[in-house]
């Protein structure tokens, strides 16, 4: 078996004809550019593209297959000529009668035919199936059953994010309020939480944790990802890794240090002050634009002892994307990728001396310290990312 790097939450900004899919996504974020960038720039072996319900995206994938630039794998998934395996999926917004607020979930399918069948069913339950992250006018459990009927995987997305997530606003206390717990294959943590934080909720003990980028632009690919141990990169092998079957496994989660996430701390978005405890009104400026931080929300829900749970989990490695490194601009990044082959190689493999041979010593040291987790960080919150402190 071999190790593979995977990011399973990537959006499409535009179709091949230029029509918008993810409104907030970059125009350069297309099926072809994602696959090329993932393989040649980021060093990813598997990608989950979660706007594959869009009919024009399906047509583009069929076109690539017809031209011989992509093939469907026996174990599920579509392999591009560059080697990257695409797992087709969809991000869906749920807000049924049991929800306290909207929840985003991810559904993945083994074949393009299964994806098409889902797209046809989905189109009758949303207002516009040509766009990303559409609200489905159906109950969450009916959606779950449909995904299962089509041999798919069902995964709640960025589960702690204050807006449009399971624990952010979707439920009061438990996922059981909205979802069938037996039809969940994994949960995606999101940028402001890590394994230690999520393990404070006992009801999550049964589920694998995923760390994905939720990329809305090409540079954001692989800002979070996982290392998998598989026989080969395909849908069936990934499913086995989630279930820890036949030696397949998630070897490690690579995610942002939660301090760098946009919603780690409770912050007033009007005046920027950090609050020790959430309040509907900011005590500093009186605004009602206070966003509860992920750390506070998790502590409110916490009910688990951590020791035994964490021993059974893959290591969560606090990963700092190269774009967060102060002074590391596009030209320097291009130089590093040209020198080492991919961003993965820069982050994981290049020695300090090798880095110093290509970039100024200060930048080389920051990259090396980021790998070792020894950098000082300023916490993010209220929609503002955290940052590295260099002084």
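Numbering (our numbering), first residue to last: 405 to 795.
Ideal Cβ placement from N, Cα and C applies to all residues, glycine included.
Would you grab the beta carbon distance between residue i and residue j for me? Rounded to a whole angstrom, and I think it's under 8 Å.
i, j, result
"residue 536", "residue 415", "6 Å"
"residue 446", "residue 747", "5 Å"
"residue 856", "residue 501", "With the chain represented from 405 up to 795, any question about residue 856 goes unanswered, as that position is not in the structure."
"residue 599", "residue 613", "6 Å"
"residue 454", "residue 493", "4 Å"
"residue 579", "residue 607", "6 Å"
"residue 554", "residue 521", "6 Å"
"residue 635", "residue 405", "5 Å"
"residue 631", "residue 409", "6 Å"
"residue 592", "residue 563", "6 Å"
"residue 627", "residue 617", "5 Å"
Got a sec, what are the start and stop residues for the beta strand (DSSP E) residue i sits in?
i, result
"residue 583", "Unbroken run through residue 583: none, as it is neither H nor E."
"residue 651", "Per DSSP, residue 651 belongs to no beta strand (DSSP E) and is neither H nor E."
"residue 476", "474 to 476"
"residue 630", "629 to 634"
"residue 723", "720 to 723"
"residue 791", "791 to 793"
"residue 483", "482 to 484"
Work out the CA separation of residue j and residue i for me, nearest whole Å.
i, j, result
"residue 429", "residue 457", "16 Å"
"residue 418", "residue 440", "15 Å"
"residue 540", "residue 559", "16 Å"
"residue 680", "residue 785", "12 Å"
"residue 633", "residue 527", "36 Å"
"residue 529", "residue 749", "44 Å"
"residue 727", "residue 660", "12 Å"
"residue 646", "residue 483", "20 Å"
"residue 427", "residue 753", "36 Å"
"residue 759", "residue 498", "46 Å"
"residue 704", "residue 794", "33 Å"
"residue 473", "residue 693", "48 Å"
"residue 672", "residue 652", "44 Å"
"residue 764", "residue 695", "39 Å"
"residue 655", "residue 518", "29 Å"
"residue 702", "residue 595", "14 Å"
"residue 586", "residue 466", "33 Å"
"residue 738", "residue 751", "14 Å"
"residue 464", "residue 431", "16 Å"
If we call anything under 8 Å between Cβ atoms a contact, is residue i one with residue j?
i, j, result
"residue 448", "residue 629", "yes"
"residue 487", "residue 664", "no"
"residue 549", "residue 538", "no"
"residue 798", "residue 736", "Because the chain here runs from 405 to 795, residue 798 falls outside it and cannot be looked at."
"residue 543", "residue 717", "no"
"residue 433", "residue 723", "no"
"residue 667", "residue 677", "no"
"residue 516", "residue 545", "no"
"residue 491", "residue 505", "no"
"residue 730", "residue 792", "yes"
"residue 605", "residue 708", "yes"
"residue 622", "residue 444", "no"
"residue 662", "residue 597", "yes"
"residue 477", "residue 461", "no"
"residue 615", "residue 657", "yes"
"residue 572", "residue 566", "yes"
"residue 509", "residue 561", "yes"
"residue 442", "residue 625", "yes"
"residue 514", "residue 639", "yes"
"residue 770", "residue 779", "yes"
"residue 756", "residue 768", "yes"
"residue 637", "residue 469", "no"
"residue 534", "residue 420", "no"
"residue 496", "residue 568", "no"
"residue 740", "residue 643", "no"
Kindly say whether residue i, judged by its beta-carbon, lies nearer than 8 Å to any beta-carbon of chain B.
i, result
"residue 526", "In the structure shown, chain B cannot be found, because there is only a single protein chain."
From what residue to what residue does the alpha helix (DSSP H) around residue i run?
i, result
"residue 785", "From DSSP, residue 785 is part of no alpha helix (DSSP H); its letter is neither H nor E."
"residue 688", "Run containing residue 688: none; DSSP gives neither H nor E here."
"residue 705", "698 to 705"
"residue 488", "No alpha helix (DSSP H) contains residue 488, which DSSP labels as neither H nor E."
"residue 405", "Taken as a continuous stretch (DSSP letters only), residue 405 belongs to no alpha helix (DSSP H), as it is neither H nor E."
"residue 770", "765 to 776"
"residue 645", "639 to 647"
"residue 615", "Unbroken run through residue 615: none, as it is neither H nor E."
"residue 597", "Here residue 597 belongs to no alpha helix (DSSP H), and DSSP marks it neither H nor E."
"residue 760", "756 to 760"
_Length-filtered (4 minimum) alpha helix (DSSP H) runs lying within the segment 492 to 576_ = Secondary structure within the segment 492 to 576: the alpha helix (DSSP H) runs of 4 or more consecutive residues, fully enclosed, are 516 to 527 and 544 to 553 (chain order).
*Could you name each continuous alpha helix (DSSP H) segment of 4 residues or more that falls completely within the segment 410 to 462, going from the start of the chain to the end?*
435 to 441
_Threshold first: 4 residues or longer. Then list the alpha helix (DSSP H) segments lying entirely within the segment 724 to 753, N to C._
734 to 744 and 747 to 752
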